[in-house]
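Residue numbers for the sequence shown follow the working numbering, so the first one is 86 and each next one is one higher.
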Amino acid sequence: MDARLDKIDFDIVNSLMEDGRKSFRQISREIGISTPTIEIRFTRLKELGIIKNIQPVFDFEKFKGVTFSIMYIKTEPTESDNIIKELVSFAEVTNLYMATGEHNLIAMVMLYDQSQLEDIRQKMSGIKGIKSLYYQILNKIMKNEHINPIQKESVMRILCEICGEPIHSFSYKINVDDFEKYLCCSSCLTLYKQKHSLE
């Protein structure tokens with residue numbers, strides 16, 4: 086099942102990217118749409134998982150000692166899922182990407198002191214299935230911006246909350262804390278309810 090996004094969604098996201106503190110009333114005045122419509126659209130964007138969070142963007146160069154490093158990781162294909170679970174649990178890992186090429190995982194790491202870099206490298210190297218890794222230290226961040234992924238007319242795939250598979254026309258929907266959650270099958274619905282103690 087696909088969700089269609091339009092110019093109103095595009096304008097709301099653009100407005101919030103300029104300043105995430107804006108009220109619905111401010112956005113309403115800015116883009117010429119009623120405040121209730123802005124609130125409904127914003128809620129829908131959150132329900133679909135398009136807007137995950139609104140949070141401050143820091144200028145890390147203002148913080149003494151903060152260092153960023155990019156880790157290039159080569160893994161055994163059969164161990165990739167377990168490796169990803171381990172790396173995601175590292176507090177120092179801010180971003181983790183699957184990539185093409187020999188080094189198929191790329192991790193962005195933030196450290197409070199450059200001396201921690203060797204410690205984190207050793208911790209990662211000790212994970213079963215990691216064959217090799219190397220890193221680069223970022224000396225200066227020249228650009229760090231988020232880009233609005235919504236075009237004037239976009240189609241968004243809706244994925245199952247449990248298994249991540251695309252939702253088709255027949256699916257299960259459950260309301261949790263005023264948000265709609267989509268599940269692809271009865272098994273995922275049961276797992277979701279168990280996970281969140283809904284029954």
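We treat Cβ as the ideally placed atom computed from N, Cα and C, and that holds for glycine.
Sequence-distant partners of serine 217 (beyond 5 residues in either direction) whose C-beta falls short of 7 Å from its own C-beta, in its chain, are Lys159. Relative to the Cα of alanine 192, the nearest Cα in the group Gly211, Tyr219, Ser200 belongs to Tyr219. Closest by C-alpha distance to arginine 89, out of Tyr267, His281, Ile243, is Ile243. Minimum Cα-Cα distance from proline 141 among the listed residues Ile168, Lys131, Phe175, Leu101 corresponds to Leu101. Serine 165 carries a helical assignment under DSSP once its states are collapsed to helix, strand and coil. Residue nearest to isoleucine 222 within the set Ile232, Glu187, Ile97, Ser200 is Ser200 (criterion: CA-CA distance). The shortest CA-to-CA distance from leucine 274 to any of Ile169, Glu246, Asn224 is the one to Glu246. In the DSSP assignment, leucine 133 falls outside any beta strand (DSSP E), carrying neither H nor E.
A direct Cα-Cα distance of roughly 10 Å separates arginine 114 from isoleucine 123.
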